[in-house]
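As C-alpha cells, the structure follows; a few thoughts come after it.
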Amino acid sequence: MSTRDRLRIAIQKSGRLSDPARDLLARAGLSFRESRDRLFCYGESLPIDLLLVRDDDIPGLIADGVCDLGVVGRNVLREQALERTADGKPEAFRELRRLGFGGCRLAIAAPRDAGIDAIADLRGKRIATSYPRLLREWLDAQGIDAGIVVLSGSVEIAPRLGQADAICDLVSSGATLVANQLRELQAVLETQAVLAGPAQAFGDERADLAALLLRRLDGVLSVRNSKLVMLQAPRTALPELLRLLGDADAPTLTSIEGRAADVAVQTVCRGAVTWQRLEDMKKAGARGLLVLPVEQMLA
Ligand code: PRT
Ligand code: ZN
C-alpha cells in the first residue's frame with residue numbers, strides 16, 4: 430500500500446448521492462477548492478481530498494488504492510464485493526458507517542397478472558436485474574432455482590418486452606413499479622449510502638485522518654434528526670411528559686422562580702418531533718414548548 434499523508438474520498442459526481450454526500454462532509458467541517466474539471470477537489474480545511482466519479486467505480490477505486498474511502502450505496506458495494514470474491518480475490522471493503530440517506534430496497538417484483546404471487550412461484554422463471562450476484566445469493570439462500578437476466582438499466586420494462594418474467598430492482602416509493610404494473614413480492618436487500626473503506630487498516634497518516642473524520646461524522650449523524658426540546662409543566666405532569674419523550678436523553682429539570690409546583694424541562698429528542706407529539710405534550714400540561722435544531726454535538 431502506498432504511503433500518503435492526505436486522505437482521498439470518492440463520492441458520486443452527479444446523482445442521488447452527490448448532494449447529500451457533499452452536505453454531510455461539509456457538516457463534518459470539510460471544505461474544498463473545486464478544480465476546473467470538477468473531478469478532483471482539493472481539501473482546504475483538512476488534508477482530505479475528493480474525487481468525483483460514477484458510483485459504480487467507487488468500490489474498484491477503493492480496492493485499487495486509488496481512493497481511501499468512498500460514499501456509495503450498499504447495493505453497489507455488496508454486489509461488487511460478491512463479484513470480487515467470486516473471482517477468488519480477497520475481501521476488499523469494509524462498511525465503516527451507515528450514512529442515513531439514499532435509503533431504498535432491492536426488491537423482486539412481478540407483473541400483477543403473471544401468476545407470481547409468492548416467492549416459490551419464481552421457480553424456473555427468468556428475473557431481470559442489474560444486481561445478478563446479490564439476487565443469486567438470495568435465491569440460493571431460499572433454495573429457489575430461477576434464471577437471471579442481466580440488464581444494465583430500464584429493468585422495469587423487461588417483463589413487458591418479454592425479456593423476463595419478473596424483476597429485481599431498487600425501489601423507494603414504489604411509484605415506478607406501479608407505473609409499470611408491477612407488484613413487489615419480496616425485499617432482497619435493505620440499502621442506504623454507506624462510508625466504505627478498505628478491508629485493511631491504513632498504515633500511515635491516513636489512519637489518524639480517517640479516525641478524525643469518523644469521529645466528526647458520528648457527531649453529525651447522531652444529531653441529524655435530533656431536536657432540543659424545552660418546556661415548562663406542573664411537576665405532576667412529568668411522568669406523562671417523559672413517556673411522550675421516550676426517545677429523549679435524560680432530561681435536565683430546573684425549578685422556576687416563584688412557581689414551586691412547576692418545573693422547566695430541557696432534553697435532546699432523537700426522533701421526529703411532530704406537531705401531533707407537541708399537541709399531546711400540551712394536552713399533558715406542557716407550556717411554552719420550544720423545539721430547536723441541534724447544530725453540533727460532541728459526546
Ligand atoms: O451516474 P452514476 O452511475 O453515478 O449514477 P446511477 O444512475 O447509477 O445512480 P443513481 O444516482 O440513480 O443512484 C445512486 C444510488 O442511490 C443507488 O445505487 C441506490 O443506492 C440509491 N437509491 C436510493 C436509488 C433509489 N433510492 C431509487 N429510487 N437508486 C435508484 N432508484 C430508482 C428506482 O430503481 C426507480 O427506478 O429510482 C426510481 C424511482 O424509484 P421509486 O420506487 O420511488 O419509483
Ligand atoms: Zn451507477
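Residues in the sequence shown are numbered from 430 upward in steps of one, following the working numbering.
Beta carbons: idealized from backbone N, C-alpha and C, even for Gly.
Since this is a predicted model, take the numbers as computed values, not measurements.
Asked	Found
Ile487 - DSSP class collapsed to helix/strand/coil	helix
Simplified DSSP state of Val584, which is helix, strand or coil	helix
Buried or exposed by the 16-neighbour rule on C-beta atoms within 10 Å, applied to Met430	Low confidence applies to Met430: its pLDDT is 45, below 50, so where it sits in the model is not reliable enough to give any reading.
Pairwise C-alpha distance: Leu606 and Ala539	9 Å
Beta-ladder partner(s) of Glu463, from DSSP	Cys470
Helix, strand or coil at Glu708 [DSSP, three-state]	helix
Reference Arg467, options Trp567, Arg688, Ile440 and Ile596, closest by Cα	Ile440
Nearest residue (CA-CA) to Gly532, options Leu511, Glu619, Cys496 and Leu498	Glu619
Exposed unless 16 or more other CB atoms sit within 10 angstroms - verdict on Glu463	exposed
Any 3 or more C-beta pairs closer than 8 Å across the region 541-555 and the region 570-579	yes
Extent of the continuous beta strand (DSSP E) run through Asp452	Careful: Asp452 lies outside any beta strand (DSSP E), inside the alpha helix (DSSP H) at Ser447 to Arg456.
Sequence-ordered residues whose beta carbon comes within less than 5 Å of a heavy atom of the ligand ZN	Asp484 and Asp485
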